[in-house]
Amino acid sequence: MVMHYRSLVRSSAKSLQLFSCSRDCSSYVSRMRYLMRLKEDDEACRRALQSGNVLLYHKLAPLLRQQQKGIYQLKVLQATDVKGILGKLGKDEQLLNTSVLIGCSDGDIAQFSLDVGCLEKDAVEEMCGGVFTDLRKAFFLLEQPDTPLVTKGQALLRWHQTHAYCSASGEPTQSNQAGSQRVCLTNGATYYPQMAPVVIVLVSDGRRCLLARQSTFPQGMYSALAGFCDMGEVMEETLRREVAEEVGLEVESMQYSSSQHWPFPQSSFMVACHATISPDNAEINLNGAELEDARWFTLEEVEDALKRKPLPRSVKGEPTAFWVPPSYAIANKLIREWVNQQKKP
Ligand SMILES: NC(=O)C1=CN([C@@H]2O[C@H](COP(=O)(O)OP(=O)(O)OC[C@H]3O[C@@H](n4cnc5c(N)ncnc54)[C@H](OP(=O)(O)O)[C@@H]3O)[C@@H](O)[C@H]2O)C=CC1
Ligand SMILES: [Mg+2]
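Taking numbering that gives the first Met the number 0, the leading residue of the sequence shown gets 0, the next gets one more, and so forth.
Below, the structure written as structure tokens:
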């Protein structure tokens, strides 16, 4: 096995790719091992925090800074900056220790998130040169690569804010330094951050795709079908059940696409799939309790919708032309994949 690997490394351009992959992998491995250690060793994590990067949130709204007009970035602070802000506002530096570990940068710097909801919002914004922004709005303003980190930071802070007590004893729970678990102080029960598994599926009859909307969606937006997994279900069962429940159709085949962490309304683990149904049994039987509408859309209609700008939730009034979820949502990825598939010769 080793001989085989070495002979590959010695030969040609293909082997160069393998070699660079092995280097990347090893730095990835060392970063993951480092994060693992910080989760297990409170003292090491406290030390990492002192020289770490911190993303600030105010009541779960992340701090962004405007780089140029219309271009926003996450505002990343050093732990020493945060201490300076706390000092100027006459607050205890201990607040920094409630930061939770969310990752490690390429430069091996530990990254944390901290909610400063107990501080005066305007004062912190002024000192940092940033603005606390609702997460949904932040998704529209940030570059795509920043969104997983800012989402993770918010999700972990939210989990801590809603798991301060043990559900068995009713007594307080205490977080480890990294924030990767909470333990009940009386019965020792350990709680880990959780996500609810959801299947999201783009159904096609071979020629058209099925999109639906809930009454709570912004005006004109249609998305792929989605549903939470029931206890004990496997992904394939959830997919078949949700399609049957929501639109009364029987799935014939399915294919996994990709996954996404979704923070709204709370952490979901979205598993995205494509599914097909028979064109002979394509009549929609809508479950009106869950959905306001579901329709088949042609390739041309979907391509037009992909070009339209999303409308804010606040826009009310006359129905608008149909559009689809924005690029940060995995529904958008499924829809684009379907379009590309349809255009293949
Ligand atoms: N990223 C993306 O592209 C997209 C993400 N989504 C997300 O997918 C998720 C699921 O979609 P949705 O169609 O609403 O799901 P469902 O079709 O499963 O319907 C939601 C209902 O399921 C019940 N439910 C069961 N388990 C849970 C749970 N763990 N958490 C919350 N509700 C639960 C609730 O009913 P009750 O209130 O009666 O108890 C809820 O109203 C949503 O969070 C949505 O935001 C959806 C589309 C696109
Ligand atoms: Mg649903």
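Ideal placement from N, C-alpha and C gives every residue a C-beta, glycine not left out.
With 16 other Cβ atoms within 10 Å as the buried cut-off, status of residue i
| i | result |
| --- | --- |
| residue 330 | buried |
| residue 166 | exposed |
| residue 52 | buried |
| residue 191 | exposed |
| residue 20 | The pLDDT assigned to residue 20 is 44, lower than 50, so where the model puts this residue is not dependable, and the model offers no usable value. |
| residue 228 | buried |
| residue 81 | buried |
Simplified DSSP assignment, three categories, for residue i
| i | result |
| --- | --- |
| residue 197 | strand |
| residue 211 | strand |
| residue 202 | strand |
| residue 22 | Reliability of the predicted coordinates at residue 22 is poor, the pLDDT of 46 falling under 50, and no value is obtained from them. |
| residue 46 | helix |
| residue 294 | strand |
| residue 145 | helix |
| residue 226 | strand |
| residue 99 | strand |
| residue 138 | helix |
| residue 27 | helix |
Short Cβ contact (9 Å threshold) for residue i with residue j
| i | j | result |
| --- | --- | --- |
| residue 241 | residue 270 | no |
| residue 54 | residue 101 | yes |
| residue 62 | residue 73 | yes |
| residue 225 | residue 200 | yes |
| residue 262 | residue 172 | no |
| residue 156 | residue 56 | yes |
| residue 97 | residue 114 | yes |
Bridge-paired residues (DSSP) for residue i
| i | result |
| --- | --- |
| residue 183 | 172 |
| residue 191 | Answer by DSSP bridge pairing: none, since residue 191 is not bridged. |
| residue 255 | 272 |
| residue 131 | 62 |
| residue 261 | 267 |
| residue 57 | 60 |
Interface flag, residue i vs chain C, CB-CB below 9 Å
| i | result |
| --- | --- |
| residue 78 | Going by chain labels, chain C is absent from the structure shown, which holds only one protein chain. |
Does the contact criterion of 3 or more C-beta pairs under 8 Å hold for the region 170-187 versus the region 296-308? With a cut-off of 8 Å, the region 296-308 and the region 170-187 do not count as touching, because too few Cβ pairs lie within range.
Just checking, does the region 261-278 make contact with the region 234-250 on the three C-beta pairs under 8 Å criterion? Touching, per the Cβ criterion.
Evaluate the contact criterion for the region 205-212 versus the region 287-296: three or more CB pairs, one atom per stretch, below 8 Å. yes
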